[in-house]
Amino acid sequence: MLSKERKEKVVKALQKAIQIKSYSGEEKDVVEYLEKLLKDIGYDTVHIDHYGNIIGCIKGKKKGLKVLMDGHMDTVPVQEEKWKENAFGGEIKDGKIYGRGTSDMKGALISMVLAGAYVAEDTKKDFSGEIYIAGIVHEECFEGVAAREVSKYVKPDIVIIGEASELNLKIGQRGRAEIVVETFGKPAHSANPEKGINAVYKMMKLIEKIKILSMTHQDKLGYGILELTDIKSSPYPGASVVPDYCRATYDRRLLVGETMEGVLKPIQDCINELKRENSEFEAKVSYAVGEEKCWTGEEIKSERFFQGWLYDEKENYIQEAYSALKNIGQNPKITYYNFCTNGSHYAGEAKIHTIGYGPSRENLAHVIDEYVEVEQIIKVTEGYYAILKTYLEK
1 MLSKERKEKV VKALQKAIQI KSYSGEEKDV VEYLEKLLKD IGYDTVHIDH YGNIIGCIKG
61 KKKGLKVLMD GHMDTVPVQE EKWKENAFGG EIKDGKIYGR GTSDMKGALI SMVLAGAYVA
121 EDTKKDFSGE IYIAGIVHEE CFEGVAAREV SKYVKPDIVI IGEASELNLK IGQRGRAEIV
181 VETFGKPAHS ANPEKGINAV YKMMKLIEKI KILSMTHQDK LGYGILELTD IKSSPYPGAS
241 VVPDYCRATY DRRLLVGETM EGVLKPIQDC INELKRENSE FEAKVSYAVG EEKCWTGEEI
301 KSERFFQGWL YDEKENYIQE AYSALKNIGQ NPKITYYNFC TNGSHYAGEA KIHTIGYGPS
361 RENLAHVIDE YVEVEQIIKV TEGYYAILKT YLEK
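Take the sequence shown: its letter number 141 is residue 141 in full-length UniProt numbering, and every next letter is one higher.
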């Protein structure tokens, strides 16, 4: 489907994107690169919002669906001394493009950008609907938070998430929450511990109760997860002081339909039970609140609760994407993401029809010597092209 010239253009565009460092909150340079690229290859409009998301649009000559293709621009940091390859080189070796963001997820984003342009070029924009490409900021910190501004601006009918899927179709994912549990005590000299209340001992009792809580379950997405990820006491270092404060953090993986109140209730019930047993027991549970600065200077802030989502594979829009990929010789499985994506907003919060389809393997995200196979980049570009044409023929 792609000519040799087009294949080379996709690869070179990705290499240039990889050479631009774009940690969360530092996406300005890659936004400027994408802005020029989108304009050069024929996008009608390019919009940059207050968070720094960039949205390119091509309108067809007839009315139809608004199809939004979503890819985040930010990457996790790199310890360059641990890499054998150049983390920002975009170099090709043995059919693989190396560099931070190749799999997670500039590879998908660049493929989306070019696929949209190629559909417009080949049809002379004689299609029904509108193509939108969104480069999202701060996804690594807040799945779906910056995306709220994009869906507000675009109001899409269908969203394609480009996170790694090995060219399979993803129709759901567990969500994610970060839960903070705090216990409170009374400080004292550790030579006279009976005069204080040790907040760590209180936390130990609470952790034991939380540990035996039963977890939610769904046939498709499996079990919810509640896993202790860190614990801290204060003062620290606590030389000769009974700690009067302790904080534990839990990673909670969410199933579809779980609410903010419902997720906290079992932990609050544990706290209430311990308080009935001991009037000195004092604790609280809440969601962690994240706050970061965008490259535009804007603050982005949110409680860390990102919803799960799941669609029925018999949905027409899913079967249409599946057939489009089969028709170009690909053989996708219909399955589910094992991690959280911007779909938490689009599908989970906003209830917009969403699929995931991207190049590379999930386990190549965030690793040393991250790479994506050139073959995957070419195939996913062809896949985006085929899906777009199918959605825009109506």
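For every residue, glycine included, the Cβ atom is placed at its ideal position computed from N, Cα and C. Note that the structure is predicted; figures quoted are calculated from it, not measured.
How big is the Cα-Cα spacing for residue i and residue j?
i	j	result
residue 476	C270	Examination of residue 476 is not possible in this model, given that the chain is present from 1 through 394 alone.
M260	V285	12 Å
V241	R247	17 Å
R176	A191	42 Å
L109	F88	17 Å
L169	G71	16 Å
P77	K220	33 Å
S234	A288	18 Å
I267	I210	6 Å
Q330	K202	56 Å
D251	I41	42 Å
H217	V10	41 Å
T249	A324	44 Å
L34	L14	11 Å
Y371	E362	11 Å
A365	D104	5 Å
A115	Q79	33 Å
S151	E375	31 Å
G222	G262	18 Å
P193	G224	39 Å
Candidates the options: which alpha carbon is nearest residue i's?
i	options	result
L392	I158, S22 and G89	I158
A199	Q307, P243 and A239	P243
Y132	M69, C141, V76 and E320	M69
I136	E313, C294 and K82	C294
K63	D126, Y346, I318 and F306	D126
L65	D369, G343, Y317 and N363	Y317
Q19	T102, L221 and V367	T102
I377	Y385, A365, S360 and E370	S360
T75	E208, Q173 and E27	E27
R253	D104, A239 and N338	N338
residue 412	G222, F305 and L206	Only positions 1 to 394 of the chain appear in this structure, which leaves residue 412 out of reach.
E303	A146, V46, H50 and T123	A146
H353	K314, A386 and A324	K314
I387	E320, K275, K333 and A347	E320
A239	K232, M215 and H189	H189
A283	M204, A347, Y51 and Y153	M204
N264	L213, F281, P237 and D312	Checking the sequence shown, residue 264 turns out to be Leu, not Asn. The shortest Cα separation from L264 among L213, F281, P237 and D312 belongs to L213.
I334	D312, R174, V119 and L255	D312
K124	G107, G60, S165 and G222	G60
A350	K326, L310 and G358	L310
Starting from residue i, follow the alpha helix (DSSP H) in both directions and report where the run begins and ends.
i	result
G262	M260 to E277
K12	K4 to I18
I318	N316 to N327
R148	A147 to V154
K39	K28 to D40
residue 398	This structure leaves residue 398 out entirely; the chain is present only between 1 and 394.
G116	G107 to T123
V256	Counting along the chain, V256 falls outside any alpha helix (DSSP H), and DSSP gives it neither H nor E.
E208	A199 to K211
Between which two residues does the beta strand (DSSP E) holding residue i run?
i	result
V380	No beta strand (DSSP E) contains V380, which is instead part of the alpha helix (DSSP H) from V374 to Y391.
S240	Run containing S240: none; DSSP gives neither H nor E here.
V289	V289 to K293
T183	G175 to F184
K62	K62 to H72
Y23	No beta strand (DSSP E) contains Y23, which DSSP labels as neither H nor E.
Y336	I334 to Y337
T354	H353 to G356
Keeping to the same chain, check which residues put their C-beta closer than 7 Å to that of residue i; ignore five residues upstream and five downstream.
i	result
E291	E299 and K301
K84	D369
K186	G196, I197 and D244
E382	M1, L2 and I328
K155	K66
S165	G356, Y357 and G358
Just confirm the distance between the C-beta atoms of residue i and residue j, as a whole number of angstroms; I'd bet it's less than 8 Å.
i	j	result
G356	E140	G356 to E140, Cβ: 17 Å. No contact.
N342	I161	6 Å
S111	Y384	6 Å
G308	E227	G308 to E227, Cβ: 16 Å. No contact.
Quick one: residues in its chain with C-beta nearer than 6 Å to the C-beta of residue i, no 5 flanking neighbours on either side, listed in chain order?
i	result
K7	I378
T390	E320 and A324
K232	R247
Hey, is residue i's beta-carbon within less than 7 Å of any beta-carbon in chain B?
i	result
A321	The chain labelled as chain B is not found in the depicted structure, where only one protein chain is given.
To which residues of the same chain is residue i closer than 8 Å at the C-beta, ignoring the five residues directly before and after it?
i	result
E273	K209
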